[in-house]
Amino acid sequence: MRNIFRKPQGIKNLLIDLFIIFFALGVVLFAIFLIWVSTLKIPDLSSFEERRILQSTKIYDRTGEILLYDLHQDVRRTVVPFENISRHVKNATIAIEDDQFYNHFGVEPKAVIRAAVTNFTQGDLLGGQGGSTITQQVIKNSVLQSEKTLTRKVKEWILAVKLENELSKDEILSVYLNESPYGGTIYGVEEASQSFFGKSASELSLAESAYIAALPQAPTYLSPYGNHKEALDERQKLVLKRMLVNNFINQQEYDEAVATTVEFQPQAVANIRAPHFVMYIREQLVQKYGEEALSERGLRVITTLDYDLQKEAERILYERGLTNVEKFKANNAGLVAVDPKTGDLITMVGSRDYFSEEIDGNFNVALAKRQPGSAIKPFIYAAAFNKGYLPDTVVFDVKTQFSPLCPPDSSSSESPCYAPNNYNHKFVGPINLRNALAQSLNIPAVKVLYLAGIRDSLKLASDMGLTTLNPNDADRYGLTLVLGGGEVRLIDMTYAYGVFANEGVKAEPRSILRIEDTQGNIIEENKVVTKQVLDKNVTLMISDVLSDNVARTPLWGANSLVNFPGRSVASKTGSTNNLRDAWLMGYAPNIAVGTWVGNNDNSAMGGGLSGLIVTPMWREYMDIALKKLPEESFTQPTINKAGVKPIIRGEYIDTSLLFEQLQENKEIDISSVYSNIHTILHFVNRNDPLGPDPINPANDDQYANWEYGVQAWKNETYGLNKNTSTTTEEVERENNNQRDRNNRN
1 MRNIFRKPQG IKNLLIDLFI IFFALGVVLF AIFLIWVSTL KIPDLSSFEE
51 RRILQSTKIY DRTGEILLYD LHQDVRRTVV PFENISRHVK NATIAIEDDQ
101 FYNHFGVEPK AVIRAAVTNF TQGDLLGGQG GSTITQQVIK NSVLQSEKTL
151 TRKVKEWILA VKLENELSKD EILSVYLNES PYGGTIYGVE EASQSFFGKS
201 ASELSLAESA YIAALPQAPT YLSPYGNHKE ALDERQKLVL KRMLVNNFIN
251 QQEYDEAVAT TVEFQPQAVA NIRAPHFVMY IREQLVQKYG EEALSERGLR
301 VITTLDYDLQ KEAERILYER GLTNVEKFKA NNAGLVAVDP KTGDLITMVG
351 SRDYFSEEID GNFNVALAKR QPGSAIKPFI YAAAFNKGYL PDTVVFDVKT
401 QFSPLCPPDS SSSESPCYAP NNYNHKFVGP INLRNALAQS LNIPAVKVLY
451 LAGIRDSLKL ASDMGLTTLN PNDADRYGLT LVLGGGEVRL IDMTYAYGVF
501 ANEGVKAEPR SILRIEDTQG NIIEENKVVT KQVLDKNVTL MISDVLSDNV
551 ARTPLWGANS LVNFPGRSVA SKTGSTNNLR DAWLMGYAPN IAVGTWVGNN
601 DNSAMGGGLS GLIVTPMWRE YMDIALKKLP EESFTQPTIN KAGVKPIIRG
651 EYIDTSLLFE QLQENKEIDI SSVYSNIHTI LHFVNRNDPL GPDPINPAND
701 DQYANWEYGV QAWKNETYGL NKNTSTTTEE VERENNNQRD RNNRN
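Quick look at the structure:
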């Protein structure tokens, strides 16, 4: 019987032995951990400033020789006693950063657990949510390096507890407020207060204090001088809400602070070249590496900027921008240039004067959303060409009511009606798409958008780089899209036009070539990444149209500023209602340049056409840039009209009946020929433009209104109520006149 119980007894003894072994091992490891902890010292906090300056990030142009900016060469920090800091700043900081600051021992276990769970679910065990107390942030900012390791985090926790035993809560908070980054080279609450509001930290109001407290979370992104001021405003309101919840302020104080408009001082930045570009690069670096890395890792950033062209662009926009202020009430301008083959951003000027307080010059208009006006039209025409339409395809530029809900003879554009006009309030009748686009006529453009499809046009524009235009928002834009109804960014428009320049190949935007560490080792290198997003022949057709000086002559004249004898250069202007925005987008095979002129507050300009306002600065920059680039020519498109419907290949008068009458030796009845003049929807199913003619064209919602305008034009032009018998010579003369009109237009 004893043998039966021997085996279970052995298992029990084994488990006990294992327990003893693991317990002993745990004791040893814990002892080692305690010894390690005892060796950890809190370094001198004064080392923080020295480390920041010695290891700051430097940004260079594409040559790696011209220093654009040393992020911390002008570090500004003024240490002030704790009692000289406004109580509002102290309370606001605690409310938003660590509302249990005066209750914990340096680490907040609940916050750590909550952050760990969040990071685990997001697959980032060492990232994102840190659950850091103010004490931990003091350790992180002042003592430790920025690498994301478990050892570093453990050190942070331990040193935070030790710091709590050496300094009082007020002393810790004082260090935090005097050391925290508040954007750019501004460190400490006193320097932030003087820089932003021109006053001491002791004099800050509640509303101002909430802004100060809002910044340390993301000082670059939330900078009041950047392009995310709305995000800063929202976080300031969050700070105030947290202060209210934690009983730092009452409801009346909260309401008054929310209603207060806070004015920031002009930005003071010294020793910086290409400031808008530098701030654009800085924001990218922060998003990828974090604020700490920029202060501590000594990164050497080689960008794509061509500083020679950048200097010229800044000069041009400043000089010609002042002229625009006087002549056209246009206070601001922006210019972007890219290499369409590599995606390199070679020039970025975000205002005519970065340091101008009058125009809020530090705001980068190259990144702002504005309405493009007719500058969007080439993308719509490209979508149409992509479906089989040709530059020779004919549509009718006639008075047209585009809403099926309104009478066809209505000129109203009040909802639900829509009857846009051309810029010159004239109509030319039948016109091919080449001339319609080159002369920027609105009525044909709206018809082309309908033929191409709004959703498909948005999809193409988005694929080419206009990411602010969402194909899922087709219903929101409607037919107004082609006249600039959406909002785009100058930088995106320039890259998208670069796709036309690069024969349908999109090069992913690139603004950083490589990043090196302090030893010169490459830690990041960005290769050229390309993708074909549009049929090559379609882009060649667009370039052929936009560089056709004959086709645009009725709009520009024969010897205009957009004409480059001996060079292949395509261009397109755009302007919005009441002249709030003026654009000129242009490109050669090896450069794309976009220019915008307007007012930051979206007020209207005046005193001239958009071309007069924006073209001179674009042309001057383009002349300088082209001298640096080898001469390249656009490839001619292939146009195959074999088997294509007459109206798509450019014949709106069907002469088949005429030939039939001639063959049968009948007297020619011109009315039978002209009676077959119809809107393009009569011959084309827009869902299958190259397929069979529609069985019942009237099933298309737009048909009745388009046809009404065409028939009105036909009756007025040919007077079909009169005797319409004519001769062969007269018919031939009319065909020749048709060709002449197309060429002349």
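Those letters in the sequence shown? Residues 1 to 745, by this note's numbering.
Yeah, the Cβ is synthetic: ideal placement off N, Cα and C, and Gly gets one too.
Name the DSSP beta bridge partners of residue i, please?
i       : result
Gly-429 : Asp-397
Val-338 : Leu-345, Ala-592
Gly-586 : Ser-571, Val-593
Tyr-60  : Leu-67, Ile-302
Ala-333 : Val-597
Asp-581 : Gly-598
Asp-688 : Asn-685
Gln-532 : Val-505
Tyr-187 : Arg-77, Pro-181
Taking the alpha-carbon positions, what's the residue i to residue j distance?
i       : j       : result
Gly-691 : Tyr-450 : 17 Å
Gly-598 : Ala-592 : 21 Å
Glu-414 : Gly-485 : 15 Å
Ala-625 : Val-349 : 15 Å
Arg-52  : Arg-352 : Reliability of the predicted coordinates at Arg-52 is poor, the pLDDT of 45 falling under 50, and no value is obtained from them.
Leu-534 : Gly-504 : 5 Å
Leu-294 : Tyr-423 : 50 Å
Asn-84  : Thr-261 : 24 Å
Ser-193 : Glu-357 : 18 Å
Leu-466 : Asn-715 : 43 Å
Pro-554 : Ala-436 : 11 Å
Glu-734 : Trp-556 : The pLDDT assigned to Glu-734 is 49, lower than 50, so where the model puts this residue is not dependable, and the model offers no usable value.
Asp-544 : Arg-320 : 30 Å
Glu-108 : Arg-77  : 29 Å
Asp-409 : Val-395 : 18 Å
Tyr-477 : Glu-487 : 10 Å
Glu-230 : Gly-643 : 56 Å
Ile-677 : Gln-287 : 59 Å
Val-614 : Lys-155 : 58 Å
Pro-266 : Asn-362 : 9 Å
Ile-639 : Leu-390 : 8 Å
Phe-19  : Gly-290 : 45 Å
Leu-405 : Tyr-708 : 14 Å
Lys-459 : Val-278 : 32 Å
Please report the residue range of the alpha helix (DSSP H) in which residue i lies.
i       : result
Tyr-176 : 169-179
Lys-237 : 229-245
Pro-287 : Before going further, note that residue 287 is Gln rather than Pro in the sequence given. Taken as a continuous stretch (DSSP letters only), the alpha helix (DSSP H) holding Gln-287 covers 275-289.
Gln-636 : Here Gln-636 belongs to no alpha helix (DSSP H), and DSSP marks it neither H nor E.
Ala-712 : 703-718
Thr-93  : 87-97
Ala-419 : No alpha helix (DSSP H) holds Ala-419; DSSP gives it neither H nor E.
Take residue i and list the residues in its own chain whose beta-carbon comes closer than 8 Å to its own, dropping the five residues that flank it on each side.
i       : result
Asp-517 : Arg-297, Gly-298, Leu-299, Arg-300, Ile-523
Leu-204 : Ser-86, His-88, Val-89, Ser-193, Phe-197, Ile-212
Val-79  : Asn-178, Gly-188, Glu-190
Val-499 : Pro-340, Met-464, Gly-465, Val-505, Lys-506, Val-533, Leu-534, Thr-539
Pro-163 : In the sequence as presented, Pro is not what sits at residue 163; that position holds Leu. Within the same chain, Leu-163 has close Cβ partners Ile-42, Gly-106, Thr-135, Val-138, Ile-139, Ile-172.
Lys-369 : Thr-468, Glu-487, Val-488, Arg-489
What are the boundary residues of the beta strand (DSSP E) that includes residue i?
i       : result
Ala-570 : 570-575
Glu-525 : 522-525
Thr-323 : It is not in any beta strand (DSSP E) - Thr-323 instead sits in the alpha helix (DSSP H) that spans 307-328.
Glu-516 : 512-516
Val-614 : It is not in any beta strand (DSSP E) - Val-614 instead sits in the alpha helix (DSSP H) that spans 610-628.
Ala-507 : 505-507
For residue i, which residues from the same chain have a beta carbon less than 7 Å from its beta carbon, with the 5 sequence-adjacent residues on both sides left out?
i       : result
Glu-253 : Leu-206
Asp-170 : Phe-82
Asp-492 : Gly-465, Leu-466, Thr-467, Thr-468
Tyr-652 : Val-394, Pro-430, Ile-677
Ser-209 : Ser-86, His-88, Val-89, Ala-92
Phe-683 : Lys-645, Ile-647, Asp-693
Between residue i and the rest of its own chain, which residues show a CB-CB distance below 6 Å, the 5 nearest in sequence each way excluded?
i       : result
Ala-445 : Lys-377, Val-482
Ala-501 : Pro-340, Tyr-587, Pro-589, Ala-592
Asp-360 : Asn-600
Arg-273 : Leu-68
Ile-96  : Ala-213, Val-239, Arg-242
Glu-754 : Here the chain covers residues 1 to 745 and nothing more, so residue 754 does not appear.
Trp-596 : Gly-334, Leu-490, Trp-583
Segments of 4+ residues assigned as alpha helix (DSSP H) that fall wholly inside the stretch 436-511: Uninterrupted alpha helix (DSSP H) stretches at least 4 residues long and entirely within the stretch 436-511 occur at 442-452, 454-464, 474-477, 490-501, given in chain order.
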